[in-house]
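Asks: Below is the structure I would like to discuss, written out as structure tokens.
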Amino acid sequence: MKELIRKRILVTGGAGFLGSHLCERLVAQGHDVLCVDNFYTGTKRNVAHLLDNANFELMRHDVTFPLYVEIDEIYNLACPASPIHYQFDPVQTTKTSVHGAINMLGLAKRVKAKLLQASTSEVYGDARVHPQTEDYWGHVNPIGPRSCYDEGKRCAETLCTDYRRQHGLDVRIARIFNTYGPRMHPRDGRVVSNFVMQALGGEPLTVYGDGSQTRCFCYVDDLIDGMIRLMNAPADPGGPVNLGNPHEITMLDIAKRIVELTGSPSPVEFRPLPVDDPWHRKPAIERAERLLGWRPHTALDDGLRSTIDYFRRALAADELGDEFGMAADLAK
Ligand code: NAD
Ligand code: UDP
Ligand code: UDP
1 MKELIRKRIL
11 VTGGAGFLGS
21 HLCERLVAQG
31 HDVLCVDNFY
41 TGTKRNVAHL
51 LDNANFELMR
61 HDVTFPLYVE
71 IDEIYNLACP
81 ASPIHYQFDP
91 VQTTKTSVHG
101 AINMLGLAKR
111 VKAKLLQAST
121 SEVYGDARVH
131 PQTEDYWGHV
141 NPIGPRSCYD
151 EGKRCAETLC
161 TDYRRQHGLD
171 VRIARIFNTY
181 GPRMHPRDGR
191 VVSNFVMQAL
201 GGEPLTVYGD
211 GSQTRCFCYV
221 DDLIDGMIRL
231 MNAPADPGGP
241 VNLGNPHEIT
251 MLDIAKRIVE
261 LTGSPSPVEF
271 RPLPVDDPWH
281 RKPAIERAER
291 LLGWRPHTAL
301 DDGLRSTIDY
311 FRRALAADEL
321 GDEFGMAADL
331 AK
């Protein structure tokens, strides 16, 4: 049997949607996990089931401030990720991306830790290349409502790359495409959580524009597997790696799938398309396949079923309430 090398791993944004799944997986692998979060969009409830575990520690901290801890690896996920959350306080969003990255890179440099940066497909903006390959530089508005997030994440990629070049750091950049699953924020305004909550509440599903825009949705378990593989890849990939599911679907079609899978009587209602809403987005994942032997396995209907089950159970137990922190009321 392969012997476990037990590592001390820092996960920033660990009480959020992706971070909580990542902490869970790393704890299950036997690592010592330090979860750091300021609970801006995440919640203690997401990691409550890990608190009794001797391998898990939770710290309230804002990554825009320095952090002095001794660790072997850093997964830097801290950042609001949904448009309504990151646009609520755009200056703080850029600070979190940029100052947060500087602090985590400074920490990695001091303790010689490996760092994985959670970047995003938003660095491609309203892409003119389809599907998006890692060598495409993107088409991003620097002064629009999404810029605090897009440009913040682009700058974080620049910092990671310069710390690698200038200080010899081992840095891995994951360009994460739309991901969904249990523990998504119930009112984050993202399409899957919105449609599921609307369908379960018997309200109309709000399709923006004519619903012909496309996205590709990766189930959270597949994504986490990709992130851990990227961190553990023996050789530094030397550049960003796309992680996402290439199965493309229109917003109208995903609305119909969710209505069918929930058995909801909800109709579809059309609303204006938000400013700078990217038209198409699809990851080219050949790089991840080649370097990491990774590709997503969960079919959309299976992932949607488990997401719907999560929201249904949480609603029944009245668990989607106030503890969703200061961002909870934004979408009301
Ligand atoms: P999330 O909002 O659920 O998680 C982000 C976490 O970071 C939250 O727990 C929040 O409280 C915390 N946080 C925010 N600002 C912080 C700060 N200054 N200091 C400490 N903690 C802070 O979002 P998520 O979907 O889990 O996203 C996690 C990461 O993955 C983000 O960096 C996001 O940009 C990236 N990402 C996610 C997706 C996706 O589809 N979910 C796609 C692309 C990229
Ligand atoms: N830093 C940190 N923890 C550490 C080391 C550094 O939070 O263990 C932060 C600190 O705020 C510093 C930043 O990381 O300003 C960048 O560190 P670096 O060593 O690259 O540059 P410095 O600003 O110290 O010259
Ligand atoms: N969207 C929609 N109805 C909603 C929420 C989102 O039609 O209630 C659309 C949105 O305009 C976008 C797509 O769904 O075209 C994905 O939006 P999301 O905010 O989930 O992610 P992102 O735009 O960051 O890919």
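For the sequence shown, full-length UniProt numbering begins at 1 and goes up steadily by one. Beta carbons: idealized from backbone N, C-alpha and C, even for Gly.
For the beta strand (DSSP E) that contains S119, what are its first and last residues?
Replies: Start and end: K114 to T120.
Asks: Could you tell me whether the stretch 299-315 touches the stretch 207-224, where touching means 3 or more Cβ pairs closer than 8 Å?
Replies: A contact exists between the stretch 299-315 and the stretch 207-224.
Asks: Tell me the rounded alpha-carbon separation between Q87 and G144.
Replies: Between Q87 and G144, the C-alpha separation is close to 10 Å.
Asks: In or out: L51 buried (at least 16 other Cβ within 10 Å) or exposed?
Replies: So L51 ends up on the exposed side.
Asks: Give me whichever residues DSSP pairs with H139 in a beta bridge.
Replies: In DSSP, H139 forms a bridge with G125.
Asks: Mind pulling the beta strand (DSSP E) runs of 3 or more residues that sit fully within the stretch 44-74?
Replies: Runs found: 56-60.
Asks: Just to confirm, is the Cβ distance from G138 to G152 under 8 Å?
Replies: Cβ distance not < 8 Å, so G138 and G152 don't count as in contact.
Asks: Please indicate yes or no: does the CB of R257 lie closer than 7 Å to some heavy atom of ligand 3?
Replies: Because no heavy atom of ligand 3 lies under 7 Å away, the Cβ of R257 does not count as near it: no.
Asks: Among the residues of its own chain, which have a CB less than 6 Å from the CB of G209, if the five just before and after it don't count?
Replies: Cβ within range, chain order: L273.
Asks: Assuming the contact rule is C-beta atoms closer than 8 Å, F270 and V207 should be a hit. Round their C-beta distance to whole Å, please.
Replies: Confirmed, about 5 Å.
Asks: Taking only heavy atoms of ligand 1 into account, decide whether any of them is closer than 7 Å to the Cβ of N38.
Replies: Yes, the Cβ of N38 comes within 7 Å of a heavy atom of ligand 1.
Asks: Can you tell me which of R6, F65, A78 and P182 puts its alpha carbon nearest to the alpha carbon of F39?
Replies: Taking only the C-alpha atoms, the option nearest F39 is A78.
Asks: Among E122, T43, Q29 and D32, whose alpha-carbon lies nearest the alpha-carbon of E319?
Replies: Minimum Cα distance to E319 is reached at T43.
Asks: Can you find a heavy atom of ligand 2 that lies under 7 Å from the Cβ of L105?
Replies: Under cutoff, so the answer is yes.
Asks: Round the Cβ separation of A174 and M227 to the nearest angstrom and send it over; I've been treating them as touching at under 8 Å.
Replies: That belief holds up - the Cβ atoms of A174 and M227 are roughly 6 Å apart, short of 8 Å.
Asks: Determine the DSSP secondary structure at Y208, reduced to helix, strand or coil.
Replies: Strand at Y208.
Asks: On the premise that E73 lies in contact with A113, defined as a C-beta separation below 8 Å, what is that separation, rounded to the nearest angstrom?
Replies: Between E73 and A113 the Cβ distance is about 6 Å, and since that is below 8 Å, they are a contact.
Asks: What span of residues does the beta strand (DSSP E) with D170 cover, start to end?
Replies: No beta strand (DSSP E) holds D170; DSSP gives it neither H nor E.
Asks: Verify the contact flag: L304, CB atom, against every heavy atom of ligand 1, threshold strictly below 7 Å.
Replies: Flag unset: Cβ of L304 not near ligand 1.
Asks: Alpha carbon to alpha carbon, how far is V191 from F17? Give it in angstroms, no decimals.
Replies: Between F17 and V191, the C-alpha separation is close to 15 Å.
Asks: Starting from E260, trace the alpha helix (DSSP H) both ways and give me its first and last residue.
Replies: Run containing E260: M251 to T262, per the alpha helix (DSSP H) assignment.
Asks: So for V268, helix, strand or coil by DSSP?
Replies: Correct three-state label for V268: strand.
Asks: Which of the three DSSP states is assigned to Q92 in this structure?
Replies: Three-state DSSP puts Q92 in a helix.
Asks: Is it the case that the CB of N53 approaches a heavy atom of ligand 3 more closely than 7 Å?
Replies: Not under cutoff, so the answer is no.
Asks: Between the C-alpha atoms of E203 and S20, what's the straight-line distance to the nearest angstrom?
Replies: When rounded, the distance between both Cα atoms is 29 Å.
Asks: Could you work out which residue in D225, V140, R313 and G238 is closest to T298 when comparing CA atoms only?
Replies: Checking every option, the nearest Cα to that of T298 belongs to D225.
Asks: Applying the criterion that 16 or more other CB atoms from any shown protein chain within 10 Å of the CB defines a buried residue, is W294 buried or exposed?
Replies: The residue in question, W294, is buried, as its Cβ has 16 or more Cβ neighbours within 10 Å.
Asks: Could you compute how far the alpha carbon of I102 sits from the alpha carbon of E289?
Replies: Approximately 30 Å, taken between the alpha carbons.
Asks: Is any heavy atom in ligand 2 found nearer than 7 Å to the beta carbon of Y180?
Replies: Flag unset: Cβ of Y180 not near ligand 2.
Asks: For the stretch 115-132 against the stretch 57-67, do three or more pairs of beta-carbon atoms, one drawn from each stretch, fall closer than 8 Å, so that the two count as touching?
Replies: No, because fewer than three Cβ pairs between the stretch 115-132 and the stretch 57-67 fall closer than 8 Å, the two stretches do not touch.
Asks: Are there 16 or more other CB atoms within 10 angstroms of the CB of H85, so buried, or fewer, so exposed?
Replies: So H85 counts as buried.
Asks: For T96, which of T64, R257, G106 and A255 has the nearest alpha-carbon?
Replies: Out of T64, R257, G106 and A255, T64 has the C-alpha closest to the C-alpha of T96.
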